[in-house]
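Line by line, the protein sequences give chains L and W. -19 is the number of the first residue of the first sequence in our numbering; add one for each residue after it. 101 is the number of the first residue of the second sequence in our numbering; add one for each residue after it. Beta carbons are placed, not taken as given, at the ideal position from N, Cα and C, and that holds for glycine. Model, not experiment: these values are computed from the prediction.
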Amino acid sequence: MSSATGQKLPPEANRVLWVKNLNYKTRGDDLYDLFGKYGAIRQIRLGNEAKTRGTAFVIYEDVMDAKQAFDHLNGFHLQERYLVVLYHQ
Amino acid sequence: AGLGGEGVGGAGVVVDPRNRYLSDEELNAMLPMEGYEIVEPPAGYAPI
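In structure tokens form, the structure reads like this:
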């Protein structure tokens, strides 16, 4: 794993991650625990309506942390669901 | 090879433009409001 600091960032990398395929039972605290491991979280928004349930926005303070979370949590198995993590465009 | 990047430390540390602090209004402008609830950080959540 190349060092985190000197890593070249892909152009579309930014601090807002869009997470899909969340288990409907997943709560905000679960997201804080999981995503918080990768860096300081600025804010989390969790979908609470029919068309947004199962998705969430996770906003980091630092784009490098967002990249770390993106690299590690894509496909992460959380509560019987495989997470889909995308950069918010 | 050039170092690249905007500034290298020095007096004022140059913050990567992508890391500029985002105020709540800016976040609201960027992200959908309806259909989403802003999650309260768990008590004692201290960013590392």
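Cutoff 8 Å; reference residue 14(L); Cβ partners in own chain excluding five residues on either side = Once the five neighbours on either side are set aside, the close Cβ partners of residue 14(L) are 53, 56, 58.
Would you call residue 36(L) buried or exposed, if buried means 16 or more other Cβ atoms sit within 10 Å of its Cβ?
-> buried
Going by DSSP, what residues sit across from residue 23(L) in a beta bridge?
-> In DSSP, residue 23(L) forms a bridge with 39(L).
Taking the alpha helix (DSSP H) that residue 126(W) falls in, what are its first and last residues?
-> 124 to 130
At a Cβ threshold of 8 Å, is residue -17(L) touching chain W?
-> Caution is warranted here: a pLDDT of 43 is assigned to residue -17(L), below 50, making its placement in the model unreliable, and the coordinate value is therefore given only provisionally. Judged by the 8 Å Cβ criterion, residue -17(L) is not in contact with chain W.
Test: residue 6(L) CB closer than 8 Å to a CB of chain W = no
Beta carbon proximity, residue 26(L) to chain W, threshold 8 Å | Contact with chain W is found for residue 26(L), since one of that chain's Cβ atoms lies less than 8 Å from the residue's Cβ.
Cβ pair count under 8 Å reaching 3, the segment 42 to 50 of chain L against the segment 120 to 136 of chain W = no
Kindly indicate if chain L contains any beta-carbon less than 8 Å away from that of residue 139(W).
-> yes
Within 8 Å, strictly: CB atoms of residue 62(L) and residue 1(L) | For residue 62(L) and residue 1(L), yes; Cβs fall inside 8 Å.
Look at the alpha carbon of residue 137(W) and the alpha carbon of residue 115(W), and state the distance between them as a whole number of angstroms.
-> Cα to Cα, residue 137(W) sits roughly 30 Å from residue 115(W).
Could you check the C-alpha separation between residue 144(W) and residue 21(L) for me, to the nearest Å?
-> 13 Å
Starting from the C-beta of residue 10(L), find all residues in its chain whose C-beta is less than 8 Å away, skip the five residues before and the five after it, and write them out in chain order.
-> 58, 59
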